[in-house]
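Engineer:
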Amino acid sequence: MDFTVEPEFQAKLAWMRDFVKNECEPIDLLFPHHGDPYDTKNATARAVIAPLQEQVKAQGLWACHLDPHLGGKGYGQMKLAYMNEIIGRSYWAPTIFGTAAPDTGNAEILAMFGTPDQKARYLQPLLDGDIVSTFSMTEPQAGADPKEFVCKATREGDEWVLDGYKWFSSNARYASFLIVMAVTDPDAPPHSRMSMLVVPAETPGIEIVRNVGVIGDDLDNESQGIHGYMHYNKVRVPLDAMLGGPGEGFKVAQARLGGGRVHHAMRTVGRCQRAFEMMQERVVSRRTAGKLLADHQFVQGMIADTAIEIEQFRLLVLKTAWVIDNEPHGAARTLIAMCKVQMAKIYHDVVQRAIQIHGSYGVTNETVLAAMWMGLPSLALADGPTEVHKVQVAKAFTRNAKPSEGLFPSEHIPTRLAAAREKYADILSKAPALEAAE
Ligand SMILES: Cc1cc2nc3c(=O)[nH]c(=O)nc-3n(C[C@H](O)[C@H](O)[C@H](O)COP(=O)(O)OP(=O)(O)OC[C@H]3O[C@@H](n4cnc5c(N)ncnc54)[C@H](O)[C@@H]3O)c2cc1C
């Protein structure tokens, strides 16, 4: 496996490092709320980022996750991994680089399954960063298992009538359109029951029951919440609003996740590196018990564990990216699940240590660590909970495992020793003579 990239691309990455630190990170401070990057109507924020987006485009780094026929570079996952490692350091950087979720995944499925009309109407403005969109799948009573979904779309004449509730439809308040997963054939086998519909945000009957906030948002200030609790109250769309075929909802939903999970994993590496850099600076800046923090063994343990864990995880993500680029489709499935599980764990451990090293200052709202900490639980839930991905990993390693033949495991030492003795019986029987000859 070769994780190197050519010098020209390394130069691009160097430009990105400088640009994200000096141009994107300050925007995080000016417009710090979860919804800010998605609020296309915030004229001030848009005026600030527009010239930055132009610089990214001039560098040929805009929306690089796309295939060449959509204006992307066709870089492959390895290069995208290195880019996302840098992008992950700033909350605004994904928007400034034209690669913010869930729009990236929505663009991918529109590109893959959309009709020419759907592409013209939704895909191009999304790729240009002029609008944002929502992926509306999770329901109030069920999330991790889509087979439990009940929000339905019933055919009436030449329309689908959408009826039901959805939960955590991120950015619905800013979206120009929503991609909604709905039961269209309740009697079909579970994986063919649902279809995807592309629904313009202005369609009558789309009601946001509440804009749900997350940990850290004010409960009595709904303007901070961005996760739409949706009521699709007899929302009528034409038959050609379907994305993919009838019953293909699962297939379409699966198609949007692979590459995106690797990008998220590498963005997590970037955030962990930022927290780690803060740790390194702090331990050589502060003294206790007569010496620098860096000279205390407990602290050295935290620094060493952090360095090792980031390095290990980074290599796992790079390996995953390499396998996606170089091996047949699907070969990276288990590795992607491993990345999804591990990114939540490593992020937790690194950010926790970074806060601990900073003492009381670590828990203030005066460093980026506070926002990092608030985002922790979401990493283990969004795009599917850790447990579901662990189950997938475990099944991959047990599916083809063979049961032991006898009462004891195949590693049973007495059995293996007897076999070894039998195998070498000839030589062993001559041992006294061999030893005497020595
Ligand atoms: C920040 C954020 C943004 C999100 N954005 C979107 C979005 O834009 N669109 C959208 O549709 N959804 C979105 N979601 C929802 C997300 O996809 C769901 O949270 C996720 O699929 C889990 O569903 P749930 O929350 O209903 O949890 P549940 O399905 O109720 O699961 C709860 C817990 O049960 C356990 N569990 C579940 N299944 C299993 C299993 N098979 N084996 C063992 N244990 C299990 C796990 O501990 C799990 O965390 C978002 C979530 C977050 C946190």
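Per the working numbering, the sequence shown starts with residue 15, numbered consecutively.
In this text, a Cβ means the ideal position worked out from N, Cα and C, and glycines have one as well.
By how many angstroms is the C-alpha of A358 removed from the C-alpha of L393?
Structural biologist: Rounded to whole angstroms, L393 to A358 spans 5 Å at the Cα level.
Engineer: Run through DSSP, which three-state label would R250 get?
Structural biologist: Three-state result, R250: strand.
Engineer: Near F327, what residues of its chain come up, given a Cβ to Cβ distance below 6 Å and the 5 sequence neighbours on each side ignored?
Structural biologist: Here the set comprises Q356, I360.
Engineer: Excluding the 5 residues flanking Q91 on each side, which residues of the same chain have their C-beta closer than 7 Å to its C-beta?
Structural biologist: Hits under 7 Å: G273, V276, A335, I338, D339.
Engineer: May I ask you to report which of helix, strand or coil DSSP gives K444?
Structural biologist: In the structure shown, K444 sits in coil (DSSP, three-state: anything other than H, G, I, E or B).
Engineer: Where A433 and H426 are concerned, what is the direct C-alpha to C-alpha distance, given to the nearest angstrom?
Structural biologist: Going from the Cα of A433 to the Cα of H426 covers about 11 Å.
Engineer: Hey, is the stretch 92-112 in contact with the stretch 147-161, meaning 3+ C-beta pairs nearer than 8 Å?
Structural biologist: No contact exists between the stretch 92-112 and the stretch 147-161.
Engineer: Short check: CB of R207 to CB of P218, under 9 Å?
Structural biologist: No. Outside cutoff.
Engineer: Taking the alpha-carbon positions, what's the N36 to R103 distance?
Structural biologist: Rounded to the nearest angstrom, the two C-alpha atoms are 11 Å apart.
Engineer: Is the CB-CB distance between V213 and L176 below 9 Å?
Structural biologist: It is a contact, given that the beta carbons lie within the stated cut-off.
Engineer: Check whether the Cβ atoms of Y477 and V194 sit closer than 9 Å, and answer yes or no.
Structural biologist: No statement about residue 477 is possible, as the shown extent of the chain runs from 15 to 452 and does not include it.
Engineer: For M208, report the span of its beta strand (DSSP E) as first-last.
Structural biologist: Residues 208-214.
Engineer: Is the closest heavy atom of ligand 1 to the C-beta of N185 under 8 Å?
Structural biologist: Yes; taking the cut-off as 8 Å, the Cβ of N185 has a heavy atom of ligand 1 nearer than that.
Engineer: Mark R430 as exposed unless 16 or more other C-beta atoms lie within 10 angstroms of its C-beta, in which case mark it buried.
Structural biologist: By the 10 Å Cβ count, R430 comes out exposed.
Engineer: Can you list, in chain order, the residues of its chain whose CB lies under 8 Å from that of Q155, leaving out five sequence neighbours each side?
Structural biologist: E162, V164, listed in sequence order.
Engineer: Which residue wins for smallest C-alpha separation from H83, given the options I350, H47, Q138?
Structural biologist: Checked all of I350, H47, Q138; the closest Cα to H83 is Q138.
Engineer: Hey, would you say the C-beta of F191 is under 8 Å away from at least one heavy atom of ligand 1?
Structural biologist: Answer for F191: no, Cβ out of range of ligand 1.
Engineer: Comparing alpha-carbon positions, which option in V283, I220, S443 lies nearest N98?
Structural biologist: For N98, the nearest C-alpha among the options comes from V283.
Engineer: Take A59 as the anchor and find which of V70, A72, I41 has the nearest alpha-carbon.
Structural biologist: For the residues V70, A72, I41, the minimum Cα distance to A59 belongs to I41.
Engineer: Hey, V297 and I317 are a contact pair by Cβ (cut 8 Å); roughly how many whole angstroms apart?
Structural biologist: With a Cβ gap of about 7 Å, V297 and I317 count as contacting.
Engineer: May I ask you to list the residues that DSSP assigns as paired with M244?
Structural biologist: In the DSSP output, where bridge partners are listed per residue, M244 has K180, I222.
Engineer: Among D142, A189, A345, M126, which residue has its Cα nearest to the Cα of G49?
Structural biologist: Looking at the Cα atoms, A189 is the closest of the given residues.
Engineer: Alpha carbon to alpha carbon, what distance is there between T381 and S374?
Structural biologist: The alpha-carbon atoms of S374 and T381 are separated by roughly 11 Å.
Engineer: Is the beta carbon of A158 within less than 8 Å of some heavy atom of ligand 1?
Structural biologist: For ligand 1, at least one heavy atom lies less than 8 Å from the Cβ of A158.
Engineer: Compute the distance between the beta-carbons of I100 and L27, then report whether it is under 9 Å.
Structural biologist: Result yes, Cβ atoms of I100 and L27 sit closer than 9 Å.
Engineer: Output the residue ranges of the beta strand (DSSP E) runs that lie fully inside the stretch 314-369 and measure 3 residues or longer, sorted by chain position.
Structural biologist: Within the stretch 314-369, no complete beta strand (DSSP E) run reaches 3 residues.
Engineer: Quick one: grab the DSSP three-state call for F422.
Structural biologist: In this structure, F422 counts as coil in the three-state DSSP scheme.
Engineer: Return yes when the Cβ of M386 is within less than 9 Å of the Cβ of R250, no when it is not.
Structural biologist: It is not a contact, given that the beta carbons lie outside the stated cut-off.
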